[in-house]
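The numbering of the sequence shown is my numbering, which starts it at 32 and goes up by one. Cβ coordinates follow ideal geometry from the N, Cα and C atoms, glycine included.
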Amino acid sequence: MKAIKIPDKTIARLSIYLRCVEELESKGTASISSTQLADRFGLNSAQVRKDLAYFGQFGIRGLGYYVTPLRHSLEEILGLKRAWNVALVGLGNLGAALAAYKGFQEKGFKISVVFDRDPDKIGRQIEGIPVMDIEAIASVVRKRKIKIGILAVPASAAQAILDAFVKGGVIAVLNFAPAQLTAPRSVKVQNVDLSALLKTLSYHIAQAERPTSSTP
32 MKAIKIPDKT
42 IARLSIYLRC
52 VEELESKGTA
62 SISSTQLADR
72 FGLNSAQVRK
82 DLAYFGQFGI
92 RGLGYYVTPL
102 RHSLEEILGL
112 KRAWNVALVG
122 LGNLGAALAA
132 YKGFQEKGFK
142 ISVVFDRDPD
152 KIGRQIEGIP
162 VMDIEAIASV
172 VRKRKIKIGI
182 LAVPASAAQA
192 ILDAFVKGGV
202 IAVLNFAPAQ
212 LTAPRSVKVQ
222 NVDLSALLKT
232 LSYHIAQAER
242 PTSSTP
């Protein structure tokens, strides 16, 4: 039987649904309808039901979803029932900020090693995390069985670092470098282009400030 391909947009929305039910659970809410979930994200209830239906039957007709069981199910689907070790490459301003961010570990993602090419940084620690030579990426991530990597390097270095990740067995990469990278089909690369996101916001601001034409 051919496996069903889950749309990337559906997978992206799962983390949003999880954040929502975590908030609801913290407030003591026991259940929520698909319509209420949809209203929080500007979707329609059919889209919410369709997204969740890819992974099984979670709701009860006429009642909706029990919040705590839905949270557990979403955590299981997203692979959050276990801790993930993460390798970070690049200890510039962005890399240092990512290494210091406590939210990763709170969600089960522990940056356990940082790589850089600067001799003044290699051998030191940042936030208790060892900083290693960039040349050791493949061997270290293989030895530590690290499957997730973060790229916070210049565009010119990104492809070579990605190749080293792949050689070491990394299969999921969060890329902050402004570069289009080539990876095997078995490796998922998620690009985060901060400048592109800011340009999108700039467009919306420009549209909001544009004078509206009046009809006489």
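Outcome for residue i when other beta-carbon atoms lying within 10 angstroms are tallied against a minimum of 16
{"i": "Ala118", "result": "buried"}
{"i": "Lys219", "result": "exposed"}
{"i": "Phe196", "result": "buried"}
{"i": "Ile47", "result": "exposed"}
{"i": "Ile63", "result": "buried"}
{"i": "Lys36", "result": "exposed"}
{"i": "Gly90", "result": "buried"}
{"i": "Met32", "result": "For Met32, the predicted model reports a pLDDT of 44, less than 50, meaning its position is unreliable; a value from the coordinates is still stated below. So Met32 counts as exposed."}
{"i": "Arg155", "result": "exposed"}
Under the three-state DSSP convention, the category residue i falls into
{"i": "Tyr262", "result": "Not covered by the structure: residue 262. The range shown for the chain is 32 to 247."}
{"i": "Gln211", "result": "coil"}
{"i": "Leu182", "result": "strand"}
{"i": "Val171", "result": "helix"}
{"i": "Ile202", "result": "coil"}
{"i": "Lys36", "result": "coil"}
{"i": "Val218", "result": "coil"}
{"i": "Asp164", "result": "strand"}
{"i": "Val144", "result": "strand"}
{"i": "Ile47", "result": "helix"}
{"i": "Ile91", "result": "strand"}
Beta-bridge partners of residue i, as assigned by DSSP
{"i": "Tyr97", "result": "Ser62"}
{"i": "Gly154", "result": "DSSP lists no partner for Gly154."}
Run of the alpha helix (DSSP H) containing residue i, from where it starts to where it stops
{"i": "Gly126", "result": "124 to 131"}
{"i": "Asp149", "result": "Run containing Asp149: none; DSSP gives neither H nor E here."}
{"i": "Lys230", "result": "225 to 240"}
{"i": "Gly139", "result": "That residue, Gly139, is in no alpha helix (DSSP H); it is neither H nor E in DSSP."}
Residue range of the unbroken beta strand (DSSP E) whose run includes residue i
{"i": "Leu119", "result": "115 to 120"}
Distance cut-off 7 Å: residue i Cβ against heavy atoms of the ligand GTP
{"i": "Val52", "result": "What this structure holds is no ligand at all, so the ligand GTP is not there to describe."}
Cβ contact (3+ pairs, closer than 8 Å) linking the region 223 to 238 and the region 191 to 208: yes
Does the structure place the region 138 to 155 close enough to the region 104 to 119 that three or more beta carbon pairs sit under 8 Å? yes
Spell out a yes or no on whether the region 95 to 103 and the region 47 to 55 are touching, meaning 3 or more CB-CB pairs, one atom from each, closer than 8 Å. yes
Within 8 Å, do at least three Cβ pairs link the region 121 to 141 to the region 178 to 187? yes
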